[in-house]
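Residue numbers (full-length UniProt numbering): 1 to 236.
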């Protein structure tokens with residue numbers, strides 16, 4: 001067990017420091033011993049981090065296989081009650097793989113608040129924010145990609161919160177914002193977040209709502225998965 005081995009070595013480091021404090025001197029013996037212990041601790045930490053990265057990659061592969069099987073199925077998409085849908089979305093956000101950076105490595109696109117590359121194309125089954133037009137206004141919805149047409153540069157997406165089965169929209173690429181596929185850790189990649197403390201923390205978000213006197217609803221907690229950076233609408 002790599003974790004147990006690492007903890008054993010850290011305990012030895014702590015005990016060695018305690019002996020040095022008791023004797024109130026630093027001998028060549030203790031210097032060499034600590035040097036060896038710290039070197040081993042670094043190796044243990046690097047090995048454990050690599051194992052964690054491999055495990056996260058496997059989790060991502062399993063989720064991808066599961067999503068592909070669901071997309072290939074001919075069964076109609078079940079209609080869910082709003083409460084059930086919200087629970088599933090929250091679970092999906094909680095199980096988003098955590099990006100573990102190597103020393104000096106920058107978080108990739110679609111990690112936390114890092115946007116996708118301009119030439120990125122979301123895959124079928126990916127969740128995206130989509131800006132759709134209604135009779136009176138435009139709104140952002142949470143949607144699932146059905147397909148992308150390279151000749152027209154447009155997506156076909158399904159509104160996941162449609163009241164009766166699928167509600168499909170054909171939208172240009174500029175109206176689609178892919179959701180993060182990695183959760184960012186503020187301890188190692190603070191630049192990949194807006195402002196947070198831990199990967200499990202939710203954002204506190206105000207929503208525009210004209211039914212309230214100040215024009216905003218009370219703050220709601222929103223998972224990292226569903227907070228994205230959007231371009232300002234130039235049209236007034």
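C-beta atoms are modelled at their ideal positions from N, C-alpha and C, and glycine is treated no differently.
None of these values were measured; they are calculated from a predicted model.
Can you list, in chain order, the residues of its chain whose CB lies under 8 Å from that of residue i, leaving out five sequence neighbours each side?
| i | result |
| --- | --- |
| residue 147 | 124, 155 and 156 |
| residue 161 | 82, 85, 141 and 142 |
| residue 235 | Here residue 235 scores only 49 on pLDDT, less than 50, and its place in the model should not be relied on; the value that follows carries that caveat. Once the five neighbours on either side are set aside, residue 235 has no close Cβ partner at all. |
| residue 144 | 125, 126, 127, 128, 157, 158 and 160 |
| residue 38 | 13 |
Measuring alpha carbon to alpha carbon, tell me which of the options ends up nearest residue i.
| i | options | result |
| --- | --- | --- |
| residue 223 | 112, 126, 16 and 132 | 112 |
| residue 225 | 26, 183 and 57 | 183 |
| residue 314 | 88, 16 and 42 | Any answer about residue 314 is impossible in this case: the structure gives the chain only from 1 up to 236. |
| residue 35 | 63, 55, 92 and 10 | 10 |
| residue 5 | 41, 23 and 221 | 41 |
| residue 49 | 188, 214, 149 and 66 | 188 |
| residue 62 | 22, 214 and 95 | 95 |
| residue 91 | 211, 202 and 212 | 202 |
| residue 100 | 69, 32 and 54 | 54 |
| residue 105 | 139, 23 and 190 | 190 |
| residue 185 | 137, 69 and 102 | 102 |
Per DSSP, residue i forms a beta bridge with which residues?
| i | result |
| --- | --- |
| residue 143 | 128 and 159 |
| residue 107 | In DSSP, residue 107 forms no bridge with anything. |
| residue 176 | 130 |
| residue 61 | Its beta-bridge partners do not exist; DSSP assigns none. |
| residue 99 | Beta-bridge pairing links residue 99 to no other residue. |
| residue 48 | None, per the DSSP bridge assignment. |
| residue 154 | 149 and 172 |
| residue 138 | 133 |
| residue 15 | Answer is none; residue 15 lacks a bridge partner. |
| residue 183 | 98 |
Once you ignore the five residues that flank residue i on each side, which residues in its own chain have a CB closer than 6 Å to its CB?
| i | result |
| --- | --- |
| residue 8 | none |
| residue 176 | 128, 130 and 155 |
| residue 56 | 97 |
| residue 181 | 110 |
Starting from residue i, trace the beta strand (DSSP E) both ways and give me its first and last residue.
| i | result |
| --- | --- |
| residue 171 | 168 to 172 |
| residue 213 | Neither: residue 213 is in no beta strand (DSSP E) and is coded neither H nor E. |
| residue 121 | It is not in any beta strand (DSSP E) - residue 121 carries neither H nor E in the DSSP assignment. |
| residue 222 | 220 to 222 |
Spatial neighbours of residue i within its chain, please: CB distance less than 7 Å, with the 5 preceding and 5 following residues excluded, ordered by chain position.
| i | result |
| --- | --- |
| residue 229 | 113 and 115 |
| residue 178 | 110, 116, 120, 122, 126 and 128 |
| residue 59 | 97 |
| residue 20 | 26 and 30 |
| residue 44 | 2, 5, 6 and 9 |
| residue 150 | none |
| residue 22 | none |
| residue 33 | 16 |
Quiz item: Does the segment 169 to 177 touch the segment 125 to 142, meaning 3 or more C-beta pairs lie closer than 8 Å?
Solution: yes
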